[in-house]
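Heads up, the sequence shown is in the working numbering, so the first residue is 99 and it goes up one at a time.
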Amino acid sequence: MSQTDMGRAGAMAEAMISIETRLRDCGLRPTRQRIALADLLFAKGDRHLTVEELHEEAIEADVPVSLATVYNTLHQFTEAGLIRVLAVEGARTYFDTNTSDHHHFFVEGRNEVLDIPVNNIAIGNLPEAPDGMEIAHVDVVIRLREKKG
């Protein structure tokens with residue numbers, strides 16, 4: 099094994115340990131499938147994807163998981179606070195690896211979700227929450243489409 103291959107192997111092992119630790123810290127058992135899906139999910143930085151898109155990536159990466167397993171795992175990751183759900187369209191739910199407070203553009207026709215820089219939107223004059231309730235989060239989704247002509 100070359101030095102480069104050894105370096106890559108070491109980095110991959112370190113990333114797996116980091117993912118395992120992250121899962122344990124959230125109260126999730128680091129199963130092979132969870133680790134593999136988390137690796138696919140977080141390896142590319144902040145992103146937005148659907149259950150079907152992650153399932154397709156898993157199949158391409160030779161990770162043997164069913165669509166139901168991907169669905170259940172993403173919902174477990176959401177409940178654990180590792181990702182957040184972004185409901186953009188009624189039938190399509192995106193999962194966001196960036197859990198910080200931020201808002202989104204949705205590009206119609208391309209089904210693409212983009213982050214809006216944090217300081218570009220000011221939210222004010224929110225209504226009072228009903229008795230016994232508090233506002234947990236405000237999601238802004240601005241829909242875009244290609245200009246005509």
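Backbone N, C-alpha and C fix where the C-beta goes; we use that ideal spot for every residue, glycine too.
- Shown here, A136 sits in a helix according to DSSP, grouped into three states.
- The straight-line gap separating the alpha-carbon atoms of I214 and E158 is approximately 30 Å.
- Counting every other CB atom within 10 Å of its CB across the protein chains shown gives I181 a total of 16 or more, marking it as buried.
- Every beta strand (DSSP E) of 3 residues or more that sits fully in the region 179–204 is shown, in chain order, as 182–187, 190–194.
- In terms of Cβ geometry, V168 and A134 do not form a close pair [threshold 7 Å].
- In the structure shown, V168 falls within a helical segment according to DSSP collapsed to helix, strand and coil.
- Ranked by Cα distance from I233, the first of L152, N223, T195 is N223.
- Around T197, the same chain offers G179, L180, I181, R182 as residues with beta carbons nearer than 8 Å, after the five sequence neighbours per side are excluded.
- Residue range 210–214 is occupied by the beta strand (DSSP E) that includes L212.
- Between R243 and E206 a beta carbon distance of about 5 Å is seen, short of the 8 Å cut, so the two are scored as contacting.
- By the 16-neighbour rule on beta-carbons within 10 angstroms, I219 is exposed.
- Linking L184 to V216 through their CA atoms gives a straight-line distance of about 16 Å.
- Residue pairing by DSSP leaves V161 without any beta bridge partner.
- For V239, the enclosing beta strand (DSSP E) starts and ends at 239–242.
- Relative to R145, the option among H202, I240, P225, A227 whose CA is nearest is H202.
- Residue state for H146 is assigned as strand, using DSSP reduced to three classes.
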